[in-house]
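What follows is a single structure, written as structure tokens, with notes after it.
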Amino acid sequence: MSTSNTCVYLCSGCGIGNAVSMDGLKNVVESEFKKSCTIHDYLCGDEGLGLIRSDIVKGINQMVVAACSPRAMADRFRFNGVQVIRANLREQVVWSHPENEEDTQMMAEDNVRMAVTEAGKSTAPEPQLEGDNSEVIMVVGGGHSGLTAAYEAAKTGYDVLLVERATHLGGMARKWSKRMPTDPPYKNPQPNTVENLIESVSNDPRITVKMGCTVAKTSGMPGRFIVDFSDGSSQTVGAVVVATGWRPYDAGKLNHLGYGISSDVVTNVELEEMLTEGRIARPSDGKIPEVVVFVQCAGSRDRDHLPYCSSVCCGVSIKQALQLREAHPDVMIYIIYEELRTPGVAEEFYRTSQRAGVIFLKGKVQKIDSSLGITVQDAFLQQEVPLKGVEMVVLATGMVPNSTNIDKEAQFLDEEKLKLLNSDVNHYAPIKVAGAAAEPITLSAETLPAGESILNLQYRQGPHLPMLAHGFPDSHYICFPYETRRSGVYVAGPVRRPMDMGEAAEDATGAAMKAIQAIRAAARGIALHPRAGDLSIPHINLNPCTKCRRCTVECPFGAIDETEQGFPSVNATRCRRCGTCMGACPVRTISFTNYTVDMIGSMIKAVHIPDEMEEKPRILALVCENDAYPALDMVGIARLSFSAYVRIIPVRCLGSVNLLLVSDALSVGYDGVILMGCKPGDDYQCHFMKGSGIAQERLSKVSETLKSMALEAERVLMAEVSIADSAALPKVIQSFVKVLESVGPNPFKGF
Amino acid sequence: MLESQPRSQTILVVGGGISGITTAIEAAETGYDVVILEKTPTLGGRVAQLNRYFPKLCHPTCGLEINFQRIRKNPQVTIFTMSTVAAIQGERGDYTVTVRQTPRYVKPNCTACGDCTRAVEMKVKNPFNYDLADMTAAYLPHEMAFPMRYVIAPQLIGTDEAEKVKAACQYNAIDLEEKESTFDLHVGAIVWATGWQPYDAARISPYRYAYLKDVITNVEMERLAAHNGPTHGHILRPSNGQIPRNVALIQCAGSRDHNHLPYCSRICCLASMKHAAYLREQYADVRVDIYYIDIRAHDKLEAFYRKIVNDPRVRMIKSKPAEIRIGAEDEPVVCGENTLTREIYSESYDLVVLATGMQPSYSIHGSLINVKMDDYGFIVPDDDNKGIFSAGVAAGPLDVSMSVQSATAAALKAIQAVY
Amino acid sequence: MSAEKKYTFYPGCASQSTGKHLDTSLRAVLPKLGVALQDVDDWNCCGASIGHIRQGHLPTAALTARNLSRAKDNGNSDFVTACPACYLNSHYYNECIRNDNNFKQEMNTILKSASRSYDGSLHVRHICEILVNDVGLEKVRENVVKPLKGLKVAGYIGCQTLRPFAGTERGGQYDTYEEPQFLDNFIEASGATPLKDFKHKTSCCGGAVSAVSPEKTLHLMENILKEATAKNADCICTPCALCQTNVEIYQDMVNKKFSTQYKIPVLFYSQLWALSFGMDPKKDAAMHQSLLPVNKIIAAAAVQ
Amino acid sequence: MTYISPLPTRKYDLSFARWVHRHIDGGDRLAMCMQCGVCSGSCPLGTTMDNGPRKTFMMIRAGMKDEVLQSDTLWNCVSCYNCVVRCPRDVPVAYILHELATVAVREGYAQARTAETNKFVKGFTWSYKIFGRTDERLVSLFYYFQDGFASGLKKLLAFRHIALGFLKVGRLPFGMPHSLRHRRELRKILTAATKIEAQPAKGGR
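Respectively, the protein sequence lines represent chains A, B, C and D. Here my numbering is used: the first residue of the first sequence is 1, the next is one more, and so on. Here my numbering is used: the first residue of the second sequence is 1, the next is one more, and so on. Here my numbering is used: the first residue of the third sequence is 1, the next is one more, and so on. Here my numbering is used: the first residue of the fourth sequence is 1, the next is one more, and so on.
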């Protein structure tokens, strides 16, 4: 660690100099911290920046810029090889507090104190590159999505290892005679090009294909996953794309729709096989059926079967109907649907089938008997209509994700791992709707799907990819659909959520992109989303470690494993640098070079706490830098105002807040502590998925600590703050101030 | 891969909405130089104007902030705002793109202090709020604007006030003489992420959007519900500022209609479910009627739909309303046939929200630039011009998540053209 | 004054009886607006909108085909009519002949039986569209010598003048279906004041159903009368002969059924124009053919 | 007539729907209906009609020929064309209803025989066939008296003041009906058209 040569710059522009005494601030730096200090009235202007640059030439390698929010002017206050610490005087002090008041001045001075203290405790991280990296991308699943991912990655110059469980490539796509249209004018079924794709992949020198093979286990981390295969071989790969696809819902459970009752009731997959063979015949007697009925949502959108919509079945039935009509122009086709779902440009496909004379009936099929008697409650005619003379029924069965390998039995998992994994599986999509009635639909609690884990990750937190509802290992993000809690592993295609071949190909291409990015990031030692580019890595000093395992259990990304001796061991490239481990550690032994419990603790203590007589309470606000902190900035941008008693410290995630900091703050005389973070729970909005939820859980235990200090529980508050809460924030803070006023000053003041 | 080395390894992304940002940052974080062209003064596009996303009801600005942080930290991303493509020449790996930049009248050294705003009286329409409210003629597009720089409206130029505003800026950041300029970029691949425009509701003449104040569009609803919108997040009747007691949400306003947009815009059903949630969250006793043809809540979004439908204050009416008449008190009266009961209805509402669809922006603005489009104006792959790609809604009617998927895939395609 | 433009004119059956006053007043004002009408020689009934119920599709089309074929003899490019129903039928079949080669051949096979033919080259247009797109209201205002000041007029367009063609390219795209402005502009040009926001502007009067089963449609007419009366209109103005007749003759029945007192004259815009042009109220404006009192309207023109 | 639409033998038998598709002007677009309800919702007499156009179209798909052709929907169309301009699937709704009414008449469905509109139309057709033009006096008389003298007189009395009014202001002229000079030409054309119409395959919209 090189020694820091630090300079402090105070900017008086944008109204700062009009609202607070710059000399007062300078005095703080010079007399309290003995650091050199420069005031400029336009620091981000050419002259100001020139001044800084000339200091850099003179040898400073660290600086504190007390000016605007760190969210502003980031490009201008970026200097190679210099660590820049920002103190927010503009948005969070002068724009949100009255000018030339004592409280505003005190707030500004404390912000400078905290920033200079932070500088003293922080050094710029350097890349830590360890081990040999592999640039090979492993794609698991050789169906349409997997083939596409492999093909696209190879096209970008990367070597690919494609692993397929079956003895041939193509997966479900191979059964498809044609596919739904993805090219304009979107009117007719398109040729299935999977055979071409298989050929391209098979002939690509960059792609190695392993067939009849599964992954036995996966250990390591992005850049260097070590994968053992069922054939006994082993290989190191850089990133993984899971494209294990789907299987049709078990029609054997659809007896009420005649499956298994009449052999002329077939599934859409079985019909597809007939279309591929080019021989459409009803199973019972081989006759070409003259009247065919498609039953939509067979097992989908059904609380007793698949509660979700399988998305593609409407389009598939339309496609099959058109193909049937093409083969036998006189066949009569009915599609019985509840909601016809041909989103986007697929609406044109729907119109094509109407034009071709396919009859659409809205209604619910109650029962299909052995002689194919069907009674439909026709929603438009408002009557029950018996359909007679039906010669074949096609059940549009839905898609079940292959999120496990159901051919193999699940391995034994200890109770702790099971609990960790099951906690991810929500029994229903995690949505709360304000004002809506309680969900009357009760579903049995979901557990992990049967079967062996696809990757069998040798992670402390269990072998599976975390799954959302219904066994889909999807991302919970809307904005970042590839980001999951297993770094370097990307899920693509219908295993992620029901999708057609067009969307799956795009999804697989995106997943290949992310896999390449993960490999490059690992090689440079930088973090992936959301702290992309971050070089800092948690360092664990094992001497004080009590092997309590909190860090290994709480890490949202399963980045920390345990050694045989039970010590935590960080897998650097799995880590997303949220600091949840740091927040978890009861002995404060986990730290980053630029982010430590000690650093935040020192910043807390750097604030001047007025004594009781001054009647100026102090509130510590530990705020999520991703959402609450920008919201506080926007309070200033909108020129709203909040209490000047608050001292704000941004944190990477509330998950990184160690509860010891809370007791530290209270023991030095803060009257209260407010933690501002993202929404936890089922529909969490935390960028580190579990961080704010973990913080909430930890905080539920804080009252005991307070009790032991003989302090009131009301002194600590966790506030759920979203980035859009700038208008509400001043009120949230004010009401906390009110609470603290009623509780009275902290008796620890002045100790 | 190219037969020979591409002459430029830079990727140009046209459009700075969620798709363009995604393509740009994914490519940049993989190590490529990226240039973003954005037509408006700030990145963020349509999603910045949304209050929340379905189905999580989370705020789009949350993801935007992360993306902006990623861009701030990444020196490989260059942004040109107020810029559009004027011409493209060349081929995959070697394009010369002529960029037209319209004047912002504010130089890059703006500190966003806001003195200019306080010095100006003139009001102009605020496009960020879909003209629902005015703003001053020197303005920050919104509080999350990125880059964080002010803009002078062209209407101010040449007025006496303009000089006043210029004088108010202590950093000499205002350039009233700025002119439209063009410059060339040399790039190896181009990704169109030009997004969408809401379909012009006034063209759906039976719905009398132009005549009834209390008939609004779904994008306007987003602004009404947004804390930084014209009503500070309170959903109120535009005619009188009162709380709406009964609200109609009308699906397929312009979509799935040969008179308007023949395709389904995919997002509107779920967006209306979200609007029902906004309303129910704000007003415990509001009644919400959703008029629809088919509810298209694919995959697990079905659960969100179920939750809304199970709300006893929300009614689903399977009907495409024929007309919205002007009621006795100038309130909207929705008329049509309930197709499940054959009842001919005629219901007065305090507020009607038209779920207008998405129209690709590129097709509307047209251009001399030759890209391959389908009949609807969505940009599709062109075998004759293999270094040009599309992402997000420029490529088809997609929701945000699918747009990001599409944009991530487009990043790889672009990289393939330049690596 | 610029040279007159010649149009082939199809009067339609109503021009001979219930809609005579439309025909009379149009023939009075149009020459002043530079529109010269040349009637189709020996025209026949177009079959009108529901006329094909007995005969079916082809015979009805054939009626129009004969008219078009004869109109072609005049040598003008446009075939113009003032009757919405005639317009609808003639425009529709003309477009069918233009766009569908098979149909064109079929029609010509039929016409050949009487040694006639038609190539689909005419453009069937409504007189209102001509007035908006070709003539322009400036021309009308130039001719106004006695503006109908103070006269409040409910502009009632009805259906078929606009629908289904006014918004189409071949229909001239001269107005919208739901909030059309042209008639209000016509009224304003005469110096009278059109009712603002007349909501029943494009409501249906019941059309042919009213002619035979008024009991089914009296409420439709009552809606129109009610709003016009409530807004103190002195008269209702329409471009459609059937609308004019329906809304006029059924006022007694409406009054009986709804216990109302409506007695509001229903006129054509061309009658208002003739008056404002200072033309003869009887000979040119055919005001005497109104079944309801029009003294006030005539008086408005006489004020100057 | 040599062609009559088939009577389906069971529900959702497509024979009638297909016939409509092939033989009705605009019937080919009927298949595009997605049951959105805009047509019925736009109809000025929507509340008066038993089924309305949308349901009628579904009934055609369901093979409910008798119910369709007996429906009063066919006779209550006021030809406002709102349905036509608003239909999102470009189905020529009013045109199809008119054509179906023609079929109902031709095939002798009861509703068609008694529907007032149809009686009026009969008179209308009679007039133009004889004279080449519609003479509203004769059409009215034809209409009033086609159910017999007594009922005709009753109707005539109900409408008499209207007719008298017209006569008074000269909107129902005295004298012989207007007639064409070339009536033979028209008759030839109509005969040819009727002959082609009777052939199973035909063109049109």
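Glycine residues also receive a C-beta, built at the ideal position from the N, C-alpha and C atoms.
State buried or exposed for residue i, treating a residue as buried only when at least 16 other CB atoms are found within 10 Å of its CB.
i	result
D:F7	Residue 7 of chain D is actually Leu in this sequence, not Phe. The residue in question, D:L7, is exposed, as its Cβ has fewer than 16 Cβ neighbours within 10 Å.
C:Q261	exposed
C:N89	buried
B:H227	buried
A:K707	exposed
B:K39	buried
A:M676	buried
C:A82	buried
C:Q186	Rather than Gln, the amino acid found at residue 186 of chain C in this sequence is Phe. Buried, by the Cβ-count rule.
B:P397	buried
A:N456	buried
Does any CB atom of chain D fall closer than 8 Å to the CB of residue i?
i	result
A:G357	yes
B:N172	no
C:A208	yes
Can you tell me whether DSSP reads residue i as helix, strand or coil?
i	result
C:V294	coil
A:Q235	strand
B:D80	The residue you asked about is not Asp; residue 80 of chain B is Phe in the sequence shown. B:F80 falls in the strand class under three-state DSSP.
D:W19	helix
A:F229	strand
C:F9	strand
A:A437	The predicted position of A:A437 is uncertain, since its pLDDT is 49 and thus under 50; a value taken from the coordinates is nonetheless stated next. If DSSP states are grouped into helix, strand and coil, A:A437 belongs with coil.
B:Q251	strand
B:S406	helix
C:W273	helix
Taking 8 Å as the CB-CB limit, is residue i close to chain C?
i	result
D:F166	yes
B:R208	yes
Relative to the ligand MN, is the shortest distance from any of its heavy atoms to the C-beta of residue i smaller than 7 Å?
i	result
A:S234	Ligands in the displayed structure: none, and consequently the ligand MN is not present.
How about residue i: is its C-beta nearer than 8 Å to some C-beta of chain A?
i	result
B:E458	Shown here, chain B extends from 1 to 419; a query on residue 458 of chain B therefore has no answer.
D:M49	no
D:A31	yes
With a cut-off of 8 Å, does the C-beta of residue i fall near any C-beta of chain B?
i	result
D:Q35	yes
A:G142	no
A:Y428	Summary for A:Y428: the model assigns pLDDT 46, below 50, so the residue's position carries little reliability; its value from the coordinates is reported in the next sentence. It does: the Cβ of A:Y428 has a partner Cβ on chain B nearer than 8 Å.
Under 9 Å, CB to CB, which of the residues in the segment 325-337 of chain A have a partner in chain D? Hits within the stretch, in order: M332, Y334.
Near-chain A residues of the segment 22-46 of chain B (beta-carbon distance less than 7 Å), N- to C-terminal order: Contact residues of the segment 22-46 of chain B toward chain A are E26, E29, T30, G31 (C-beta to C-beta distance below 7 Å).
Taking a Cβ distance cut-off of 8 Å, strictly less, list which residues of the segment 305-329 of chain B are near chain C, in chain order. From the segment 305-329 of chain B, only E323, R325, I326 have a Cβ closer than 8 Å to chain C.
Validate contact between the segment 146-153 of chain B and the segment 86-101 of chain B using beta carbons, cut 8 Å, 3 pairs: Contact between the segment 146-153 of chain B and the segment 86-101 of chain B is absent, because fewer than three Cβ pairs lie under 8 Å.
What are the residues of the segment 340-356 of chain A that lie near chain G, defined by any Cβ-Cβ distance shorter than 7 Å? In the structure shown, chain G does not exist; the protein chains are A, B, C and D.
Validate contact between the segment 600-615 of chain A and the segment 112-128 of chain A using beta carbons, cut 8 Å, 3 pairs: Verdict: yes, contact present.
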